[in-house]
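*Asks:*
Residue numbers (my numbering): 504 to 633.
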C-alpha cells in the first residue's frame, strides 16, 4: 500500500520518520482529520508538505518549533497554539478542522496529556458504573 492509500480517508494520521523531504501531502488528508507529526526533528528535515502545514498547527513549544522543526520553519506555518494552551482550554478547540500536532518530544507535556486522558477515562468509567 502506498503512503497516499494509507492516509486517504483516515481520521488520524501519524508520521514518525527521519525524512529530509515531505512524505505526507496535505492533498491526501481528509477534511477534519488530525495528524501527529513526531519525526524529522531538525530544522532542515520535514515529513509534511506546505499544504499539510497550512492547516491548524499545534506544537509542544513555539520556541522549540521555530528553532528545531523543519516542518514549521520551512513551510512558514502559522502556529495556532501550544499543546499546553489547548489542554488548559484557553482557546477554541478547532476540532472540526484539520489539525496538525508537531511534536518535538517534551516529556513533561506528554505526561500531563496522559494524566488528563487517564482522569477523563476514569471519570467516564465511574459514571457508567454508577
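No residue lacks a Cβ here, since even glycine has one placed at the ideal position from N, Cα and C.
In the DSSP assignment, find the beta strand (DSSP E) that holds residue 582 and state where it starts and stops.
*Replies:* Against the chain shown, residue 582 aligns to sequence position 79. Counting along the chain, the beta strand (DSSP E) containing residue 582 begins and ends at 582-585.
*Asks:* Considering just the uninterrupted stretch of the beta strand (DSSP E) at residue 518, what are its terminal residues?
*Replies:* The residue labelled residue 518 in the question sits at position 15 within the chain shown. Note, residue 518: beta strand (DSSP E), 515-518.
*Asks:* Take the Cβ of residue 605 as the centre, count every other Cβ of all protein chains shown within 10 Å, and call the residue buried at 16 or more, exposed below.
*Replies:* Position 102 of the chain shown holds residue 605. Burial call: buried.
*Asks:* Just tell me which of 563, 552 and 507 has its CA closest to the CA of residue 608.
*Replies:* Looking up residue 608 in the chain shown gives position 105. Ranking the options by Cα distance to residue 608, first place goes to 563.
*Asks:* From this set, 520, 585 and 521, which residue's C-alpha is nearest residue 603's C-alpha?
*Replies:* Within the chain shown, the letter at position 100 stands for residue 603. Of the listed residues, the one whose Cα sits closest to residue 603 is 585.
*Asks:* Just to confirm before moving on: does the CB-CB distance between residue 573 and residue 595 stay below 8 Å?
*Replies:* The residue labelled residue 573 in the question sits at position 70 within the chain shown. The residue labelled residue 595 in the question sits at position 92 within the chain shown. No. Outside cutoff.
*Asks:* My output table needs one value for residue 619: the three-state DSSP class, helix, strand or coil.
*Replies:* Mapped onto the chain shown, residue 619 falls at position 116. Residue 619 falls in the helix class under three-state DSSP.
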